[in-house]
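Going by our numbering, the sequence shown opens with residue 9, and the numbers climb by one from there.
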Amino acid sequence: MKTYIVGNWKMNFTVGESSLYFHKLLQRVKSYRDIEVVVAPSLVALQPLSLQVDRHKIKLAAQNAYFQDFGAYTGEVSVSQIRSLVDYCIIGHSERRHILGETNKDVRKKVAAAVRNGITPIICIGETAEERKNGETTDVIRDQLLSSLSEIAAEDLSKVIIAYEPVWAISTTKSAKMATPDDIKEVLDLIHKLLTKTYGEKTVADTPVLYGGSVKVSNAEAYLSIPGCDGLLIGGASLIAPEFSDIIEIAKQVRA
Ligand code: PEP
Numbered sequence: 009m010k011t012y013i014v015g016n017w018k019m020n021f022t023v024g025e026s027s028l029y030f031h032k033l034l035q036r037v038k039s040y041r042d043i044e045v046v047v048a049p050s051l052v053a054l055q056p057l058s059l060q061v062d063r064h065k066i067k068l069a070a071q072n073a074y075f076q077d078f079g080a081y082t083g084e085v086s087v088s089q090i091r092s093l094v095d096y097c098i099i100g101h102s103e104r105r106h107i108l109g110e111t112n113k114d115v116r117k118k119v120a121a122a123v124r125n126g127i128t129p130i131i132c133i134g135e136t137a138e139e140r141k142n143g144e145t146t147d148v149i150r151d152q153l154l155s156s157l158s159e160i161a162a163e164d165l166s167k168v169i170i171a172y173e174p175v176w177a178i179s180t181t182k183s184a185k186m187a188t189p190d191d192i193k194e195v196l197d198l199i200h201k202l203l204t205k206t207y208g209e210k211t212v213a214d215t216p217v218l219y220g221g222s223v224k225v226s227n228a229e230a231y232l233s234i235p236g237c238d239g240l241l242i243g244g245a246s247l248i249a250p251e252f253s254d255i256i257e258i259a260k261q262v263r264a
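Dropping the structure here:
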């Protein structure tokens, strides 16, 4: 299986800045057959970047998309409308769930729409600090994972990516708040166990499971060395070209 290094730019950069930054990244990033590099710029930058992209080096992802294909949904942009621009779409990011009110049902429909349109969903799941404190991590992960996949046929499971992103570990600089490899391994094991129990070992062998939450150059090697971790979803550090390209080099070394 490939190792995935995915940059989530969130709501950063103007269209012009996105284009300049993407140019910088394309110059820095080397292409490796076993490493899939993906960046998710803001929706408005997708079209110009799709003209700039060298898909041997970097693939494009959307950060969100609506599940209906077309119609009276003012302000929304559908998976069908972006499918000529991107290969991937982040779905159910914790900021969408917790700031913008996205539900497990929305996530399920968006995942189904992505697969239907030939786009690989990167499905984000993860517990909040409160849920973790209350011992609800297993229940939250089970609910988010299985409900997001409930419209997906077993034979399509290799067309989705799961990203474990504990909400409490996102965008933190405090080491006490960062997830340790042991914390992460416990949940990655749980995800693999739930997928295997539901779909069977053979079916889930090709479903990548990533980790995301304050990944940077200093911890990328440790996170990528966790058994069952097939890559990283990176927010803040993906906005700094040398940091992002160094993480790709670390992935190459860890997988060598
Ligand atoms: C994210 O938003 O998906 C993320 C992991 O952010 P950060 O790397 O900044 O924690």
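Backbone N, C-alpha and C define an ideal beta-carbon position, used for all residues, glycine too.
Just to check, is the beta-carbon of Ala245 closer than 7 Å to a non-hydrogen atom of ligand 1? For this step, residue 245 is matched to residue 237 along the sequence shown. Flag set: Cβ of Ala245 near ligand 1.
If you drop the 5 nearest sequence neighbours on each side, which residues of the same chain put their C-beta closer than 6 Å to that of Ala80? Taking the sequence shown and counting its residues from 1, the one referred to as residue 80 is at position 72. Closer than 6 Å at Cβ, skipping near neighbours: no residue.
Cβ distance (whole Å) where Lys67 is taken to contact Tyr29 below 8 Å: The residue labelled residue 67 in the question sits at position 59 within the sequence shown. The residue labelled residue 29 in the question sits at position 21 within the sequence shown. The Cβ separation is near 16 Å, so there is no contact.
Assuming the contact rule is C-beta atoms closer than 8 Å, Ile169 and Ile131 should be a hit. Round their C-beta distance to whole Å, please. Position 161 of the sequence shown, counting from 1, holds the residue named residue 169. Position 123 of the sequence shown, counting from 1, holds the residue named residue 131. Indeed they touch by this definition, with Cβ atoms about 7 Å apart.
Got a sec, what are the start and stop residues for the alpha helix (DSSP H) Tyr172 sits in? As a first step, residue 172 is located in the sequence shown; it is residue number 164 there, counting from the start. It is not in any alpha helix (DSSP H) - Tyr172 instead sits in the beta strand (DSSP E) that spans Ile169 to Tyr172.
The region 194 to 206 touching the region 28 to 45, judged by at least three CB pairs closer than 8 Å: no
Looking at C-beta atoms only, is the number of pairs between the region 149 to 165 and the region 219 to 231 that lie closer than 8 Å three or more? no
Beta strand (DSSP E) segment containing Tyr96, residue limits: The count along the sequence shown starts at 1 and reaches residue 96 at position 88. Tyr96 to Ile99 is the span of the beta strand (DSSP E), which, as asked, contains Tyr96.
Can you round the beta-carbon distance between Ser27 and Leu57 to whole angstroms, since I take them to be within the 8 Å contact cut? Residue numbering aside, residue 27 sits at position 19 when the sequence shown is read from its first letter. Residue numbering aside, residue 57 sits at position 49 when the sequence shown is read from its first letter. Ser27 to Leu57, Cβ: 7 Å. Contact.
Opposite Ser47 in the DSSP bridges: which residues? Start at 1 with the first residue of the sequence shown, and residue 47 comes out as number 39. A small correction: the amino acid at residue 47 is Val; Ser does not occupy that position in the sequence shown. Note: Val47 sits in a beta bridge opposite Gly15 and Leu68.
Taking its Cβ as the centre, do 16 or more other Cβ atoms sit within 10 Å of His101, making it buried, or is it exposed? Within the sequence shown, the letter at position 93 stands for residue 101. With 16 or more other Cβ atoms within 10 Å, it is buried.
Assuming Ser246 and Gly15 form a contact by the criterion Cβ under 8 Å, report the distance between their Cβ atoms to the nearest whole angstrom. Taking the sequence shown and counting its residues from 1, the one referred to as residue 246 is at position 238. Taking the sequence shown and counting its residues from 1, the one referred to as residue 15 is at position 7. Confirmed, Cβ separation roughly 3 Å.
Using a Cβ-Cβ cut-off of 8 Å (strictly less than) and excluding sequence neighbours within five positions of Leu232, which residues of its own chain qualify? Here residue 232 refers to the residue found at position 224 when the sequence shown is read from its first residue. Excluding the 5 residues flanking it on each side, Leu232 has same chain C-beta neighbours closer than 8 Å at Thr11, Gly239, Leu240, Ile258, Ala259, Val262 and Arg263, in chain order.
Look up Val217 in the DSSP assignment and say whether it is helix, strand or coil. By 1-based counting over the sequence shown, the position of residue 217 is 209. The answer is strand: DSSP assigns Val217 an E or B state.
Under 7 Å: does the beta carbon of Asn72 sit that close to some heavy atom of ligand 1? On the sequence shown, position 64 is the one that residue 72 refers to. Not so, every heavy atom of ligand 1 lies at least 7 Å from the Cβ.
Roughly how far, in whole angstroms, is the beta-carbon of Ala137 from the beta-carbon of Phe75, given that I think they are within contact range, below 8 Å? Walking along the sequence shown from the start, residue 137 turns up at place 129. Walking along the sequence shown from the start, residue 75 turns up at place 67. That pair is no contact at about 29 Å.
Does the distance between the C-beta of Ser222 and the nearest non-hydrogen atom of ligand 1 fall short of 7 Å? To locate residue 222, count along the sequence shown from 1; it is residue 214. It does: the Cβ of Ser222 is within 7 Å (strictly closer) of some heavy atom of ligand 1.
Pick from Ile127, Asn72 and Gly236: whose alpha carbon is nearest that of Tyr172? The sequence position of residue 172 within the sequence shown is 164, counting from 1. Out of Ile127, Asn72 and Gly236, Gly236 has the C-alpha closest to the C-alpha of Tyr172.
The beta strand (DSSP E) that contains Thr128, what's its start and end? The residue labelled residue 128 in the question sits at position 120 within the sequence shown. From DSSP, the beta strand (DSSP E) with Thr128 extends over Thr128 to Ile133.
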